[in-house]
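Some notes on the structure that comes next.
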Amino acid sequence: MSAPTRVADLTCSRSGPCLQKVRTPSSRATSSTKSSPRLAKTGLSPRELAKAKNRVRSSFVFGLSSTLDRALVLGQFELYFGNAELLKTELDRYLTVTNDDIKRVAAQYFAANNRTVLDVKPSPAAPKTAEGEAK
1 MSAPTRVADL
11 TCSRSGPCLQ
21 KVRTPSSRAT
31 SSTKSSPRLA
41 KTGLSPRELA
51 KAKNRVRSSF
61 VFGLSSTLDR
71 ALVLGQFELY
81 FGNAELLKTE
91 LDRYLTVTND
101 DIKRVAAQYF
111 AANNRTVLDV
121 KPSPAAPKTA
131 EGEAK
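If you read the sequence shown in the working numbering, its first letter stands for residue 1, the second for the next number, and so on.
Have a look at this one:
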């Protein structure tokens, strides 16, 4: 079993989680499907939670580093929530997440009946011509 090489959680227009993407070097995402119940049962270690919060803080701050980025985010908050002032409290909402919150949400969203696993295999290489190009 190979460990995931990349894990990403994507959100749909700030309306909530809609996709967890896990890439593994093997042909099956077994590490992802086996780690989800562990996350729901035990949550994260204090070090993992601190690391995740540091990444959120860093991403949030660097995401507002330019005037254009700040304007876009303020516009999104006004559009989606009707109040651009909510941006002032957004980071605190993420940083107050507890391990119990993570366990509860993992149990709700990472359930086996709420998952689709795609096993994508590359097609066989096309034979090369005498000039070295694929047919």
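All C-beta atoms, glycine included, are put in the ideal place defined by N, C-alpha and C.
From a predicted model like this one, the values you see are computed outputs, not experimental measurements.
Residue burial classification, residue i (beta-carbon count within 10 angstroms, cutoff 16)
{"i": "SER36", "result": "buried"}
{"i": "ALA50", "result": "exposed"}
{"i": "ALA106", "result": "buried"}
Through-space distance from residue j to residue i, alpha-carbon basis
{"i": "GLU78", "j": "VAL97", "result": "24 Å"}
{"i": "LYS139", "j": "VAL61", "result": "For the chain, the structure presents residues 1 to 135; residue 139 sits outside this window and is missing."}
{"i": "ALA52", "j": "PHE110", "result": "18 Å"}
{"i": "ASP101", "j": "ALA126", "result": "49 Å"}
{"i": "TYR94", "j": "SER59", "result": "12 Å"}
{"i": "LYS103", "j": "PRO46", "result": "13 Å"}
{"i": "SER66", "j": "LYS121", "result": "40 Å"}
{"i": "ARG55", "j": "SER123", "result": "37 Å"}
CB of residue i within 8 Å of CB of residue j, strictly
{"i": "LEU64", "j": "ARG70", "result": "yes"}
{"i": "ALA84", "j": "LEU72", "result": "no"}
Coil, strand or helix - residue i by DSSP
{"i": "LYS88", "result": "helix"}
{"i": "LYS121", "result": "coil"}
Whole-Å CB distance - residue i paired with residue j, under 8 Å assumed
{"i": "GLY43", "j": "ASN114", "result": "Not quite, the Cβ-Cβ distance comes to about 18 Å (not below 8 Å), so this is no contact."}
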